[in-house]
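Step one of this worksheet: look at the structure below.
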Amino acid sequence: MSEANWYVVHTYSGYENKVKANIEKTIENRHLEEQILEVRVPMQDVVEMKDGQSRQVQKKMFPGYVLINMIMNDDTWYVVRNTRGVTGFVGPGSKPVPLTDEEMRPLGIRSDSVQMDYAEGDTVVVTGGVWKDTVGVIQSINENKQCVTINVDLFGRETPVEISFTEIKKM
């Protein structure tokens, strides 16, 4: 299997979040979770002055662009390229060019993978995030997304939750 890389997709300006939602919906419908791993609209915090008041807002780092972490093949290219609002991949002609690690570093997106020694059925405790101090049993492991799925007790029901490798430890 090929390795996943980050690609840049050009969109109509103002349609970035809509394109992200459409691609994520297509991923779910066509079961491409193992091939298209993540879709991002990079944001940054900006202090804005309005009516003499300063407030912090989030602005798009690259208006008109969406980043996609995916394994490039004919199916994934077709799905992304034919999403409503997408005008094309960034690269010469119709050949998408993946971003290098040096280009990804300033965006705060790490490409280094976390080594883990977990297996399905292991009991773990969540060490960070919303589910901090929650204990659960690993139901599935997704090494591409660097996360595990555990069941947590939510309102008296077992609910599956995805947790990053970096936020769990074995009991």
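In this note's numbering, the protein residues as written are 101 to 271.
A virtual CB, placed ideally from N, CA and C, is assigned to each residue, including glycine.
Endpoints, beta strand (DSSP E) assigned at residue i
{"i": "residue 230", "result": "Run containing residue 230: none; DSSP gives neither H nor E here."}
{"i": "residue 205", "result": "Neither: residue 205 is in no beta strand (DSSP E) and is coded neither H nor E."}
{"i": "residue 263", "result": "257 to 264"}
{"i": "residue 76", "result": "The displayed coordinates of the chain run from 101 to 271. Any statement about residue 76 would go beyond what the structure contains."}
{"i": "residue 168", "result": "165 to 170"}
Three-state class that DSSP yields for residue i in the structure shown
{"i": "residue 127", "result": "helix"}
{"i": "residue 184", "result": "coil"}
{"i": "residue 253", "result": "strand"}
{"i": "residue 117", "result": "helix"}
Neighbourhood of residue i by C-beta, 8 Å cutoff - its chain only, sequence neighbours within 5 removed
{"i": "residue 158", "result": "143, 144, 145 and 146"}
Own chain residues within Cβ distance below 7 Å of residue i, not counting five before or after
{"i": "residue 104", "result": "137, 169, 170, 171 and 244"}
{"i": "residue 126", "result": "179 and 183"}
{"i": "residue 133", "result": "127"}
{"i": "residue 139", "result": "120, 123, 124, 166 and 168"}
{"i": "residue 117", "result": "141"}
{"i": "residue 70", "result": "Nothing can be reported for residue 70: it is not among the residues displayed for the chain, which extend from 101 to 271."}
{"i": "residue 247", "result": "262, 263, 264 and 265"}
CB contact flag (residue i, residue j, <8 Å)
{"i": "residue 180", "j": "residue 224", "result": "no"}
{"i": "residue 239", "j": "residue 220", "result": "yes"}
{"i": "residue 189", "j": "residue 112", "result": "no"}
{"i": "residue 185", "j": "residue 119", "result": "yes"}
Extent of the continuous alpha helix (DSSP H) to which residue i belongs
{"i": "residue 157", "result": "It is not in any alpha helix (DSSP H) - residue 157 instead sits in the beta strand (DSSP E) that spans 153 to 160."}
Residues near residue i in its chain [Cβ-Cβ closer than 6 Å; skip 5 each side]
{"i": "residue 196", "result": "107 and 189"}
Worksheet item: How about the segment 249 to 256 and the segment 227 to 238: do they share at least three Cβ pairs that are nearer than 8 Å?
Response: With three or more CB-CB distances shorter than 8 Å, the segment 249 to 256 counts as touching the segment 227 to 238.
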